[in-house]
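Structure record follows, encoded as structure tokens.
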Amino acid sequence: MLDRTSARRMAQALVEAADTAADDFDAERHLRRVCQHCAELLGALAAGVMYADAHGALHVAVSDKGGELAKDLLEAQAADGPCLEVYSTGRPVAPVRLASADALTRWPGFTERARARGVFATFAVPLRTRKGVLGALNVFVARAPDGSRSPSRPQEGEEDGALALAQALADAAGVGLHNHRAYAAYRDLSRQLQSALTSRIRIEQAKGILAERWRTGLDVAFEALRRHARRERLVMDVVAGMVIEGALDDATLLGEDS
Numbered sequence: 415m416l417d418r419t420s421a422r423r424m425a426q427a428l429v430e431a432a433d434t435a436a437d438d439f440d441a442e443r444h445l446r447r448v449c450q451h452c453a454e455l456l457g458a459l460a461a462g463v464m465y466a467d468a469h470g471a472l473h474v475a476v477s478d479k480g481g482e483l484a485k486d487l488l489e490a491q492a493a494d495g496p497c498l499e500v501y502s503t504g505r506p507v508a509p510v511r512l513a514s515a516d517a518l519t520r521w522p523g524f525t526e527r528a529r530a531r532g533v534f535a536t537f538a539v540p541l542r543t544r545k546g547v548l549g550a551l552n553v554f555v556a557r558a559p560d561g562s563r564s565p566s567r568p569q570e571g572e573e574d575g576a577l578a579l580a581q582a583l584a585d586a587a588g589v590g591l592h593n594h595r596a597y598a599a600y601r602d603l604s605r606q607l608q609s610a611l612t613s614r615i616r617i618e619q620a621k622g623i624l625a626e627r628w629r630t631g632l633d634v635a636f637e638a639l640r641r642h643a644r645r646e647r648l649v650m651d652v653v654a655g656m657v658i659e660g661a662l663d664d665a666t667l668l669g670e671d672s
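Quick note: the sequence shown uses the working numbering, first residue 415, plus one each step.
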């Protein structure tokens, strides 16, 4: 159960994790903040995210707290580890004590490396959207300060609470990543449409200038623009701009100087 201060911070972290509709959004910086919130709220050694970008390339982002450790242990999961398990199943990996037979059987390479770095237990949750899993949030837990032995899994209430908190942050981060990608796609489409509209307006303006100057139809003016564009290997919009700016004389446009 979170105290009032932690609950307030958790609420702020959830809002921050989902607020991604901005042109200057940086996924790695954003996920580092999510990891930092997770590590501090849970009192963990460190937290890190392994995630795929819009092109499918894998990246990692880690908390400032224990960042070197988290980066090392995420990169160690090339062959086995909780992040890969989350990716393959789409389900959370509940807290596991790394000295247990369970951990050694499931992730031998990762477990050996994590134990050497002083990690006592770990768990991971998916960053997910309706379309699938975008990544995994991995939390690394230290041995109790008094050095006492813990059971192979934490107490049920503690386990459920830690897992639920991490999953809430991961869900908000997943929604945030999805929303930004949708925002970026619509923004790019809007820019493309605006560019196409502006280009069309310039071409129509150039056609009108030539038709009036030559006392001819718009079709004749358009054909002259198109022939010059093909001859000089230019896009129509560039030729139209030259006509509007007065940088293209009739002889050159009609190919009479060749």
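Even for Gly, the Cβ is constructed at its ideal location relative to N, Cα and C.
Beta-bridge partners of residue i, as assigned by DSSP
i	result
V507	A538
Exposure of residue i, with buried meaning 16 or more beta-carbon neighbours within 10 Å
i	result
K621	buried
T536	buried
S672	Its pLDDT being 48, under 50, S672 is placed unreliably in this model, and the value from its coordinates should be taken loosely. So S672 counts as exposed.
L662	buried
G590	buried
Y683	Here the chain covers residues 415 to 672 and nothing more, so residue 683 does not appear.
A654	buried
Y600	exposed
V634	exposed
A484	buried
D651	buried
H594	buried
H469	exposed
I617	buried
T525	buried
L611	exposed
Expected contact under 8 Å - CB spacing of residue i and residue j to nearest Å
i	j	result
E499	V507	5 Å
R527	L487	7 Å
A625	L632	5 Å
A490	G523	7 Å
H444	A427	With 8 Å as the limit, H444 and A427 do not qualify as a contact, their Cβ atoms being about 12 Å apart.
I658	Q608	Not quite, the Cβ-Cβ distance comes to about 18 Å (not below 8 Å), so this is no contact.
A449	A425	The sequence given here places Cys at residue 449; Ala does not occur at that position. Between A425 and C449 the Cβ distance is about 18 Å, and since that is not below 8 Å, they are no contact.
G660	R645	Between R645 and G660 the Cβ distance is about 20 Å, and since that is not below 8 Å, they are no contact.
* Whole runs of the alpha helix (DSSP H) within the segment 432 to 489, excluding any shorter than 4 residues -> Within the segment 432 to 489, complete alpha helix (DSSP H) segments of at least 4 residues are found at 441 to 456 and 481 to 489, given in chain order.
* To do: Tell me the start and end of each unbroken alpha helix (DSSP H) in the segment 511 to 563 that is at least 4 residues and wholly inside, in chain order.
  => Here the runs fully enclosed are 515 to 520 and 522 to 530.
* Is the segment 449 to 458 touching the segment 474 to 482, taking contact as three or more C-beta pairs under 8 Å? -> Enough Cβ pairs lie closer than 8 Å, so yes.
* Asked: For the 8 Å Cβ check, are there 3 or more pairs between the segment 545 to 556 and the segment 576 to 586?
  -> Yes, the segment 545 to 556 touches the segment 576 to 586.
* Inter-stretch contact at 8 Å, needing at least 3 Cβ pairs: the segment 578 to 588 / the segment 536 to 545 -> Flag = yes, the segment 578 to 588 and the segment 536 to 545 touch.
* Asked: What are the start and end residues of each continuous alpha helix (DSSP H) run of 4 or more residues lying completely inside the segment 626 to 664, in chain order?
  -> Segments of the alpha helix (DSSP H) lying fully in the segment 626 to 664: 632 to 646 and 650 to 659.
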